[in-house]
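Just so you know, we're using the working numbering here: the sequence shown kicks off at 51 and counts up by one.
What follows is a short report on a single structure.
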Amino acid sequence: MRLLRLLSRFLALPLILVPALLTALLLLAVATQPGTRLLLQQGADFLPGELRIGEIRGSLAGGLRLRDLAYTHPALRARAQQLDLDLELAQLLRRTVHVAHLEGRGLEITLTPDQEAPEPPPEAAAFPLPDAIPMPVTVDLPRGELHEIRLHPAEGTEPIVLDRLALGLHLDARRLQLRHLDLQAPQGRLHALGRVTLARPYALGLAAEWSLALPPEAARPLRADRARGRLVLDGDLTHLALQHHLQEPMQARTRGHVRHPLTHPDWDLNHRWEAFTLALAEDRSLQLDAGTLVTRGTPGDYRLGLHTALTAAPLPRQALALSARGDPQGLQLTPLSLSGETGQLQVAGRIGWTRGLDWALDLRGRDLDPSALAAELPGRLQLQATTRGRIAPDAPLEARVNLAQLSGTLRERPIRGQGEVRVDDRRLEIPGLNLAAGDNHLEARGRLADTLDLDFRLQAPALETLWPGLVGRLEAEGRVQGTPQAPVLTTRARGSGLELGNLGLKRLDLDLQAGTAVDAPLRLDLGLEDLHTAAGTVLQRLTLEGRGTTGTHRLDLALEGGPAGGNVYGDLALEGALPQGLRGPLHWNGTLTALDLRPPFGGPWGLQERAALHASPSRAGTEPICLMQDKARLCLQGDWSGEGGTRAEARLSQLPLDLLQAWLPPNLGLEGRVDGGARLRLDPGPTPKWNLEAHLTPGDGRLRILDEDGTLQTVPFRDARADLRLQDRDLEASLGLDIATQGHIRARLRGRGREDGDLALEGQARLTLEDLTWMDPLIPQVKDLRGRVQGDLDMGGSLRAPRLDGRLTLSEGVVTLPEAGITLKDMRLDLHNEGRERLRLTGRLRSGEGSLTLEGDVQRADDGPPPVRLQVRGEDFLALRRPDVQAVISPDLNITAIGRRVIVTGDVAVPRALLELAELPPQAVEVSEDEVIVQEAREESGAPLLVVARVGVTLGEEVRIRGYGLDARLGGELQVQQSPGLPTRLLGQIRIQEGRYKAYGQDLTVERGLLLFQGPPENPGLDLRAVRRIPAHEVTVGLEMGGTLEHPRSRVFSDPPMEETEALAFLVTGRPLSGAGEGDGNAIASAIAVYGIERGAFIIDRLGSELGLDEFTVDTETGLDEAALMMGEQLSSRLFLRYSVGLFDRVNTLMLRYSLSPHLSLETRSSSENQSMDLIYRLER
51 MRLLRLLSRF
61 LALPLILVPA
71 LLTALLLLAV
81 ATQPGTRLLL
91 QQGADFLPGE
101 LRIGEIRGSL
111 AGGLRLRDLA
121 YTHPALRARA
131 QQLDLDLELA
141 QLLRRTVHVA
151 HLEGRGLEIT
161 LTPDQEAPEP
171 PPEAAAFPLP
181 DAIPMPVTVD
191 LPRGELHEIR
201 LHPAEGTEPI
211 VLDRLALGLH
221 LDARRLQLRH
231 LDLQAPQGRL
241 HALGRVTLAR
251 PYALGLAAEW
261 SLALPPEAAR
271 PLRADRARGR
281 LVLDGDLTHL
291 ALQHHLQEPM
301 QARTRGHVRH
311 PLTHPDWDLN
321 HRWEAFTLAL
331 AEDRSLQLDA
341 GTLVTRGTPG
351 DYRLGLHTAL
361 TAAPLPRQAL
371 ALSARGDPQG
381 LQLTPLSLSG
391 ETGQLQVAGR
401 IGWTRGLDWA
411 LDLRGRDLDP
421 SALAAELPGR
431 LQLQATTRGR
441 IAPDAPLEAR
451 VNLAQLSGTL
461 RERPIRGQGE
471 VRVDDRRLEI
481 PGLNLAAGDN
491 HLEARGRLAD
501 TLDLDFRLQA
511 PALETLWPGL
521 VGRLEAEGRV
531 QGTPQAPVLT
541 TRARGSGLEL
551 GNLGLKRLDL
561 DLQAGTAVDA
571 PLRLDLGLED
581 LHTAAGTVLQ
591 RLTLEGRGTT
601 GTHRLDLALE
611 GGPAGGNVYG
621 DLALEGALPQ
631 GLRGPLHWNG
641 TLTALDLRPP
651 FGGPWGLQER
661 AALHASPSRA
671 GTEPICLMQD
681 KARLCLQGDW
691 SGEGGTRAEA
701 RLSQLPLDLL
711 QAWLPPNLGL
721 EGRVDGGARL
731 RLDPGPTPKW
741 NLEAHLTPGD
751 GRLRILDEDG
761 TLQTVPFRDA
771 RADLRLQDRD
781 LEASLGLDIA
791 TQGHIRARLR
801 GRGREDGDLA
811 LEGQARLTLE
821 DLTWMDPLIP
831 QVKDLRGRVQ
841 GDLDMGGSLR
851 APRLDGRLTL
861 SEGVVTLPEA
871 GITLKDMRLD
881 LHNEGRERLR
891 LTGRLRSGEG
901 SLTLEGDVQR
911 ADDGPPPVRL
921 QVRGEDFLAL
931 RRPDVQAVIS
941 PDLNITAIGR
951 RVIVTGDVAV
961 PRALLELAEL
971 PPQAVEVSED
981 EVIVQEAREE
991 SGAPLLVVAR
1001 VGVTLGEEVR
1011 IRGYGLDARL
1021 GGELQVQQSP
1031 GLPTRLLGQI
1041 RIQEGRYKAY
1051 GQDLTVERGL
1061 LLFQGPPENP
1071 GLDLRAVRRI
1081 PAHEVTVGLE
1091 MGGTLEHPRS
1101 RVFSDPPMEE
1111 TEALAFLVTG
1121 RPLSGAGEGD
1131 GNAIASAIAV
1141 YGIERGAFII
1151 DRLGSELGLD
1161 EFTVDTETGL
1171 DEAALMMGEQ
1181 LSSRLFLRYS
1191 VGLFDRVNTL
1201 MLRYSLSPHL
1211 SLETRSSSEN
1221 QSMDLIYRLE
1231 R
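And the structure:
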């Protein structure tokens, strides 16, 4: 029994020790570092490929850290700097892999696919899944992180960099739960979560939010740095619903579904977006309206439908519609359409991309309006064209464009066009291209291949139909021959009456033959005639002649330029060489052999000696080019290179100042000579650096001034000098001049560049003119100018915001204005600034016994011209003192000027004035209304001022008018109104306070006199009453006038009442009609003609009866200025005598007519001017 017990214990011992030993070994493998290392090394042998671990720390049970991992496989290579792993081994007893901690760093993966492996067949693209995916264990990863990930899609490619990948998931036998996925990269971020079941139909749901940094080529047009959106997937792998919302940089939504995405994809998606704008350039943009894009089908057969509208300035809004059907080989357009106000364009056909890119498209345009691209080209065009071609990496380019028809109108002229262009590899053929616009035609045909043979011809007799402002006729024809390496162009062009805008050319002649090869013949003949602008002729004629070859040639230029009477003649000759023609490195060497300039003043200039020149794409330069004229000398030289920049120098010596005479007033001249020089250096770089030094030293000289009397006076000046220095962004300038004993000018300016690109300024200017007498002849319409000018200015601020501090003063000023007959005395004008915002003007001057004060300012304006305000105040200021008029005024005016607009308001009182009207001689006549004075047209000096005036004028108690027998004192008030574009208006009245009128023996007292103004000043209303009292007859007679100045009405009245004939006789002669003689009759008739008295004809007839004459009348048939009083008496049946007296020209004429028969008479006339005798035959019908 005991033995049996011992045996049983011996047999049970292995059963106990073996599991214990296995457990100990397992614990040794997972709980110790050596055991873990052995386990990993043994496990690596079972992996495909090769796994190497540089360092192992820790254990599987207590946490494991692996360093310098490397894994190599035919499909990829992977490296990791560090991997930390912490497993809960106890969970393995529950068939759960619980990864408590997972963190890796420095992971780099390079994919190395087999380049020689055949492409899988199309059916291999499907990815079938089993009915279920069994999971033997449960995997739980609360959080795992990988940092610094670099993925190379292929060997030698740029890596995809991920800064951080954080993952949390739970995987069991039924589903995969993605708790979170966070991905961070330099390009953007992704956050996602979702679920998927592991059995058919694999129900799933996924939500993801993403953001992406846009590349510069996309960020610029979208005006955004990032894109942002949200994606939601819901369903299963048989029917998956998709929603996507693009939130930045625009709003767009996608909704739809995808069926069988892994096996046989079939989708139906609807994309909608809101309006947005793409920036194409700084000043151009493309605006897209809200639109839709519908896509449905399978990869082998899908359809597209697009509807939106776009606006791309200057084009108006265009509706865009696309209907297409696609497959893996290409896309069939059915069609693509653009339509809007500018017409409709449709593109139909197929675009393929199986091997490269191929196309076969039909284009149709209807009612296309080219004015959308250029407003100067209105029209309506119809277009039919086809294009076919192919671009493939392993085949030459093939393309065909056939313009079947171009028709319609352009600028109201018919347009026609057709042609074909073919491209085969490097061969371009134009079987025929014909375009016609109105009477203008362009033809081209030929080929450009290994040999060139292209002809073109232009016939444009009516250029005005092609472009507004373009005028004239142009004909050109030519041929391109040779080879692509050595082409030769031969062309001939003729033009006449050419104009474009303000530029015009009377004639153009061009004959040219040139090529690129060294030995290619060169023949150039260019002639221009009358090149002019709106300001006048710039160039009378120019001829340019070139002879030789491209390698060695000579150019001769002759020109005549400038306006008529001021032409500059010039001749230039160059000899040059291009050693390798135009095919190799361009390097031209030449010599300036002749240069002659003959200006209209100062004598000719000629080249002192030959000068060498050279030019190439990298450098250019010239030896000194010196021109001589008498003692004057001007030399120029310089060079440029891409590395060294620009260097230039100019030297001037002994230049006579009288060369400036053409730009000086006729009565001003200069004597003296000027020296000068300049040096320029411009260093290359992104921001060029300037260095310029220049000076002019006229030294001593004289001003010659010729006054109106022909007297010549000279004003010496000395020490004249001007200096300028520019260094990078710094500036220094100075000016000095002494005007004999009359004064001096000194100025200095410094500028320093600032970091913001502006220029800080600091400077001073001093001006002293002790006597202004020498300036008298230079200022028109003034005499006896005297005074003193003192100026003291300081400049500060910057170039963008300059500041002037200082004062300019005229004191002790005296000047005579001959036109006004007055002398202004005690003049003082002061101009000074008050800060940077305001410039103030004050002044005072005297004339006669009164004075005038001026106060004003100029305000700074950020935009537009600065406003100028001026107040004029005065008291008893003598404004006019001439033989015909004297006037004293007291103004109170406000004047505001902004640009060309001037506003004048206020009042002017005229306390004293005397108007002396000079009487015309008796033979003077009124100017005919038909008279037109023809004189030379004067060019306007500038745009006219726009004056708005509201000024009140008050006549004082001492305003009188004398002349034509009138002596009266005036009074009244007027309002002067003026507006731009409208005639001046006067509102108010002028009253005759008291007055007398004497003429034709009359002595009238003005009892009432009014001139009424209600509009234009030329035609006031009249309300006058003048009387004559005759005590000897106890009669008072008078004349009343009404109407207007242009159409007066007059009436004779009397007290006591009497017939108008009697009243007029009393008014004119002071006697009744019964006591009037023939001389009195003349006076009465003259009064009727002058005053236009109502019923004048009746009075004349009555007067003739009283005088016992057969004829007594006023003849005005030849005009009022030749009116005459005619008195006639029939002496016998055959003899008639007439005596006529001119009412205005005072010419007396005696006429005697004797009747020889009823139809024939003899007539003689005799006057102080001529005598005549006529034989007159009358035939009555």
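Virtual Cβ for every residue (Gly too), placed ideally from N, Cα, C.
Asked	Found
Residues bridged to Leu135 (per DSSP)	Leu114 and Leu152
Assigned secondary structure, Leu179 (DSSP; H/G/I helix, E/B strand, else coil)	coil
Between the CA atoms of Pro209 and Leu126 - distance to the nearest angstrom	14 Å
Backbone CA spacing between Val308 and Ile183 [nearest angstrom]	23 Å
Short CB-CB distance (under 8 Å) between Arg1188 and chain B	No chain B is part of this structure, which consists of one protein chain only.
Inter-residue spacing [alpha-carbon to alpha-carbon] between Arg250 and Arg229	22 Å
Touching by the beta-carbon criterion (3+ pairs, under 8 Å), the region 698-707 and the region 813-822	no
Distance between beta carbons of Leu1016 and Arg1041, contact taken as under 8 Å	Actually they do not touch by this definition, with Cβ atoms about 14 Å apart.
Start-to-end residues for the alpha helix (DSSP H) that takes in Arg32	This structure cannot speak to residue 32, because the chain is shown only from 51 to 1231.
Cβ-based burial, Trp403 [other Cβ within 10 Å; buried from 16]	exposed
Those residues which DSSP pairs with Met678 across a bridge	Gly656 and Arg683
contact_flag[the region 481-491, the region 505-517] where n(CB pairs < 8 Å) is 3 or more	yes
Cutoff 7 Å; reference His349; Cβ partners in own chain excluding five residues on either side	For the record, residue 349 in the displayed sequence is Pro; it is not His. Once the five neighbours on either side are set aside, the close Cβ partners of Pro349 are Pro315 and Pro378.
Same chain only: Cβ atoms within 7 Å of Ala269, ignoring 5 sequence neighbours per side	Asp275
Reduced DSSP category for Glu625 - H, G, I as helix; E, B as strand; rest coil	strand
Alpha-carbon spacing of Leu574 relative to Leu843, whole angstroms	58 Å
Reference Leu642; option with closest CA among Pro667, Val1009, Asp606 and Tyr619	Asp606
Cβ contact check for the region 188-201 and the region 215-228: 3 or more pairs under 8 Å	yes
With 16 other Cβ atoms within 10 Å as the buried cut-off, status of Arg723	buried
Contacts around Ala744, its chain only, beta-carbon distance under 6 Å, and the 5 residues preceding and following it disregarded	Ala728 and Leu774
Residue span of the alpha helix (DSSP H) that contains Val1118, given as start and end	Glu1110 to Thr1119
Inter-residue CB distance, Ser1104 and Ala1113 (contact presumed, cutoff 8 Å)	4 Å
Sequence-distant residues of its chain with Cβ nearer than 7 Å to Glu625 (five each side left out)	Arg604, Gly640, Thr641 and Thr643
Beta-bridge partners of Gly24, as assigned by DSSP	Limits of the chain in this structure are 51 at one end and 1231 at the other, which puts residue 24 out of reach.
Rounded straight-line distance, which links the Cα of Leu560 to that of Thr602	21 Å
Whole-angstrom distance between Glu1213 and Asn1220, CA atom to CA atom	14 Å
Distance between Leu423 and Arg440 (C-alpha atoms, nearest Å)	30 Å
Contact under 8 Å by Cβ, Gly156 with Gln132	yes
Where Arg250 falls: helix, strand or coil (DSSP)	coil
Selection from Ser546, Thr501 and Arg523 that minimises the alpha carbon distance to Thr533	Thr501
When Gln382, Leu418, Gly547 and Gly1120 are compared against Leu411, the one with the closest alpha-carbon	Gln382
Sequence-distant residues of the same chain with beta carbon closer than 8 Å to Ser1217, five excluded per side	Val1197, Asn1198, Thr1199 and Leu1200
CB of Phe1063 within 8 Å of CB of Leu1117, strictly	no
CB-CB length for Glu699 against Gly688, believed under 8 Å	7 Å
Close Cβ partners of Ala1233 (< 6 Å) along its chain, the five nearest in sequence each way excluded	Since the first and last residues shown for the chain are 51 and 1231, residue 1233 lies out of range.
Rounded C-alpha distance that separates Leu453 from Pro366	26 Å
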